[in-house]
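Shown next, in structure tokens, is the structure this report addresses.
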Amino acid sequence: MEEELIREETALRRRLLLRLLRGFSFENPRHKGEAISNLVPPELITAELTQHNPHRFIQP
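All residue numbers for the sequence shown refer to my numbering, where the first residue is 12 and numbers rise by one.
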């Protein structure tokens, strides 16, 4: 019985994840809400971080 419930929960979680990711582009992501935190903390944004890709803008 418990194994069956675990399998059912796993299947439901998988379907929910696939539904959430449907149409999501990892190449051009569009976030549908507020970010919980900064992706890169401002104190970690240094000249070394931008030297490999100087055309990329990183918002401090």
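Just so it is clear, CB atoms sit at the ideal spot from N, CA and C, and this is done for glycine as well.
Where residue i falls: helix, strand or coil (DSSP)
i, result
"glutamate 54", "helix"
"arginine 33", "coil"
"arginine 41", "coil"
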